[in-house]
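Quick notes on the structure that follows.
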Amino acid sequence: MAMGGMPKRGGKGRAPMAEINVTPLVDVMLVLLIIFMVAAPLLTAGVEVKLPDSRAGALEQEQKPIQLTLDSNGGVFIDEERIANAELPQRLEVIRGRGGDKEGGPQIFLRADTTLDYGRVMRVMGELNRAGLNRVALVTTPDEGK
Numbered sequence: 000m001a002m003g004g005m006p007k008r009g010g011k012g013r014a015p016m017a018e019i020n021v022t023p024l025v026d027v028m029l030v031l032l033i034i035f036m037v038a039a040p041l042l043t044a045g046v047e048v049k050l051p052d053s054r055a056g057a058l059e060q061e062q063k064p065i066q067l068t069l070d071s072n073g074g075v076f077i078d079e080e081r082i083a084n085a086e087l088p089q090r091l092e093v094i095r096g097r098g099g100d101k102e103g104g105p106q107i108f109l110r111a112d113t114t115l116d117y118g119r120v121m122r123v124m125g126e127l128n129r130a131g132l133n134r135v136a137l138v139t140t141p142d143e144g145k
């Protein structure tokens, strides 16, 4: 008998090998995992702001909230779209209309740069309140034991 295994019916050739080499599959999966781990943090926020630190925990969400961002220059962004300061009240009314029957409108995440003055942030919060959007959460970065 040859070293290749059992001979076929006619005594010629070798029996088929029933093993699958999974090493290339594992290699590809690990590379994809690394790519997604590197890319995922880059997709979270489109407007660069330096958020204040806080020891508060994260909120649980049932729907994707609307991101209202104030950058270091005082520019206002709804999600990733820059809007003029004069346009803010009208845009907030539109958002309030999309909120459906929920009390206080849709969830709003207010992200403001730490270099902004308190009055600028409060003016935007006043516009949110005037539009009837009362479900506002201030976004911070976690305090890592500072």
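When the count follows numbering that gives the first Met the number 0, it moves up by one through the sequence shown with no breaks and lands on 145 for the last residue. All residues carry an ideal CB built from backbone N, CA and C; glycine is no exception.
What are the boundary residues of the beta strand (DSSP E) that includes residue i?
i: Gln89; result: Where Gln89 is concerned, there is no enclosing beta strand (DSSP E), although the alpha helix (DSSP H) it sits in stretches over Leu87 to Arg97.
i: Val135; result: Val135 to Leu137
i: Arg81; result: Glu80 to Ile82
i: Ile65; result: Ile65 to Leu69
According to the neighbour-count rule (16 or more other Cβ atoms, all chains shown, within 10 Å of its Cβ), is residue i buried or exposed?
i: Gly104; result: buried
i: Thr22; result: exposed
i: Met0; result: In this predicted model, Met0 has a pLDDT of only 47, less than 50, meaning its place in the structure is not dependable enough to derive any value.
i: Val30; result: exposed
i: Thr140; result: exposed
i: Thr68; result: buried
Give me the Cβ distance between residue i and residue j, rounded to the nearest whole Å; I'm assuming they're in contact under 8 Å.
i: Val138; j: Leu109; result: 7 Å
i: Arg95; j: Leu132; result: 6 Å
i: Asp112; j: Asp78; result: No, Asp112 and Asp78 are not in contact; Cβ-Cβ is about 17 Å, not under 8 Å.
i: Ala130; j: Glu102; result: Wrong, their Cβ atoms sit about 14 Å apart, outside the cutoff.
i: Asp142; j: Asp52; result: 4 Å
i: Gln106; j: Ala83; result: In fact, because the Cβ distance is near 24 Å, the residues do not count as touching under 8 Å.
I need the straight-line Cα distance from residue i to residue j, nearest angstrom please.
i: Asn72; j: Ala85; result: 16 Å
i: Ile65; j: Arg134; result: 11 Å
i: Glu18; j: Met28; result: 20 Å
i: Met36; j: Tyr117; result: 36 Å
i: Glu80; j: Ile33; result: 30 Å
i: Ala14; j: Asn20; result: 18 Å
Any beta-carbon of chain B closer than 8 Å to the one on residue i?
i: Leu115; result: Looking at the structure shown, chain B is missing, and only one protein chain is on hand.
Starting from residue i, trace the alpha helix (DSSP H) both ways and give me its first and last residue.
i: Ala38; result: Thr22 to Ala38
i: Arg129; result: Tyr117 to Arg129
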